[in-house]
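Participant: Yeah, the sequence shown ends on 378 if you go by this note's numbering, and it's all consecutive.
In this text, a Cβ means the ideal position worked out from N, Cα and C, and glycines have one as well.
This is the structure I have questions about; it appears just below.
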Amino acid sequence: MKNQWKTSHQNIQNWYKCHGRVDLPWRTTDDPYHIYLSEIMLQQTQVKTVLERYYFPFLKRFPTLKALGDAPLDDVLKMWEGLGYYNRAKNLHKTAKIVDVLPSNIDELIALPGIGKNTAHAVATFAFKQPVPIMEANVKRILCRLHKLSTPTDKMLWQIAYDLVDTKNPFDYNQAMMDIGATLCTPKNPQCEDCPLNEVCQGKDDPTLYPTKKKRKVPTREQYIMISVYNNKLSLTQRSGKFLHGLWGFSSTEVPLCASEYIGEVTHAYTHFKLICKVYVYDELDKGQAHYFTIQQIRKLAISKVDEKIVKLYLDTI
Ligand code: SF4
Numbered sequence: 061m062k063n064q065w066k067t068s069h070q071n072i073q074n075w076y077k078c079h080g081r082v083d084l085p086w087r088t089t090d091d092p093y094h095i096y097l098s099e100i101m102l103q104q105t106q107v108k109t110v111l112e113r114y115y116f117p118f119l120k121r122f123p124t125l126k127a128l129g130d131a132p133l134d135d136v137l138k139m140w141e142g143l144g145y146y147n148r149a150k151n152l153h154k155t156a157k158i159v160d161v162l163p164s165n166i167d168e169l170i171a172l173p174g175i176g177k178n179t180a181h182a183v184a185t186f187a188f189k190q191p192v193p194i195m196e197a198n199v200k201r202i203l204c205r206l207h208k209l210s211t212p213t214d215k216m217l218w219q220i221a222y223d224l225v226d227t228k229n230p231f232d233y234n235q236a237m238m239d240i241g242a243t244l245c246t247p248k249n250p251q252c253e254d255c256p257l258n259e260v261c262q263g264k265d266d267p268t269l270y271p272t273k274k275k276r277k278v279p280t281r282e283q284y285i286m287i288s289v290y291n292n293k294l295s296l297t298q299r300s301g302k303f304l305h306g307l308w309g310f311s312s313t314e315v316p317l318c319a320s321e322y323i324g325e326v327t328h329a330y331t332h333f334k335l336i337c338k339v340y341v342y343d344e345l346d347k348g349q350a351h352y353f354t355i356q357q358i359r360k361l362a363i364s365k366v367d368e369k370i371v372k373l374y375l376d377t378i
C-alpha cells in the first residue's frame, strides 16, 4: 500500500501541475495573513465570489494584520458586506487585535478566535510548509470514497488524512486534494476515469454512496419589519444580539403597527433556516434606539444582505 501511495503522490503532483488552480493569489504567496484571510473568506463562499469581489479590496483596505486590528469593526464589517456569516469578519478582527503576526504552531493558531482545526492546518501547511493534512468538505468526500466510508467520525478522517499526506510536498498535495474534490470527485457525477487517485480508490465503482448524505429540513422563520420614514430618512438600529451583531438593520416587531402600510416581503436563505420578512412602512418618528439615514447614507453602512433586499423593496415601491 505504501508503494501504491508513493505512485499516487506522484500522480497527484503531476495532475496538479497540469490541472490545478495554481494561479489563485493565495497560492502564489507565503504571507500567512493573506493565506489566513483566504481560508476564512472561502469558508461558506465560492472561490469566484471571493476572488472577484472581496479578497483584493479587503487586502487593499487592510494590507496587514496590524492594519486590520487598528481599524474600527464597522470598517471591517463594511468591507465584508454581502459575504455573509459576519462572525468570520468579527473573529478576524479579534485575532488581529491579539496578534500582529500569526504563529506557526497549530495549537497556538487554534487558540485564536474563529480558527478551527482545519483552518489552523491550512495556515500551517500553506504558509509555513508543515507536513500536515487539511480537512475541508471536498477532502472529506475524497477520503470517504477512497476507503468506502459511509459515516466516518472526524477522528477517523483525520487519522486517514495524516496517513496519506505527502510529507515531502504537502503544499501541492493539499492544494491538489481540494482541486480534485472541487473538479473531479464532485458530489454528483464524479469523473473517476480522469482522477489521479483512481488506482487506489476503493469506492470508484459506486462513489456517490460515500459518504451517506444527511437529509436536513430547513425551518422557516417569519418576521414583521417596520420601517419608520421621517423627513425622507429611514430608521435603522445597530444590532447588538449574537445574530448579525454590529451590522445596521431594520427593526422587527411581533405585530405590525396599525398605522403602517404593508409593502411586500423579502426572503433570504441562511444555512440553518429560511427567513421571510414582511415589510411595513409608517411615517411616525421612532423614539426608541433608531437612527435615521438617507438612502445614500445607508449605502455607506454595513448592512446584511436581507436588509439590502428590504432597501430595494422600499425603493421599488416609492
Ligand atoms: S476515483 Fe472517483 S471516487 Fe475515487 S477519489 Fe477519484 S473521483 Fe473520487
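Distance, Cα to Cα, V82 vs H332?
Facilitator: Roughly 33 Å between the two C-alpha positions.
Participant: Which residues share a DSSP beta bridge with G306?
Facilitator: According to DSSP, which records beta bridges pairwise, G306 is partnered with nothing at all.
Participant: Which class does Q73 belong to by DSSP, given the choice of helix, strand or coil?
Facilitator: Note: Q73 maps to helix in three-state DSSP.
Participant: By DSSP's criteria, E321 is part of a beta bridge. Which residues make up the other side?
Facilitator: According to DSSP, E321 bridges with V341.
Participant: Classify T89 as helix, strand or coil using the three-state DSSP reduction.
Facilitator: Coil at T89, not helix or strand.
Participant: Can you find a heavy atom of the ligand SF4 that lies under 7 Å from the Cβ of P92?
Facilitator: P92: no, Cβ never under 7 Å from the ligand SF4.
Participant: What does the Cβ neighbour count give for L206, buried or exposed, with the cut at 16 atoms within 10 Å?
Facilitator: Buried, because 16 or more other Cβ atoms sit within 10 Å of the Cβ of L206.
Participant: Among the candidates L203, P132, R113 and G142, whose CA atom is the shortest distance from the CA of N234?
Facilitator: Out of L203, P132, R113 and G142, L203 has the C-alpha closest to the C-alpha of N234.
Participant: Give the range of the beta strand (DSSP E) segment to which R281 is assigned.
Facilitator: Looking at the DSSP string, the run of the beta strand (DSSP E) that includes R281 is T280 to Y290.
Participant: If you follow the alpha helix (DSSP H) that Y352 is in, where does it begin and where does it stop?
Facilitator: It is not in any alpha helix (DSSP H) - Y352 instead sits in the beta strand (DSSP E) that spans H351 to F353.
Participant: Could you tell me which residues DSSP puts in a beta bridge with K293?
Facilitator: DSSP, once it has assigned bridges, lists Y290 as partnering K293.
Participant: Helix, strand or coil for K275 per DSSP?
Facilitator: Coil.
Participant: Could you tell me which of M139, I72, D232 and D90 sits nearest to L244, measuring between CA atoms?
Facilitator: Cα-wise, what sits closest to L244 is I72.
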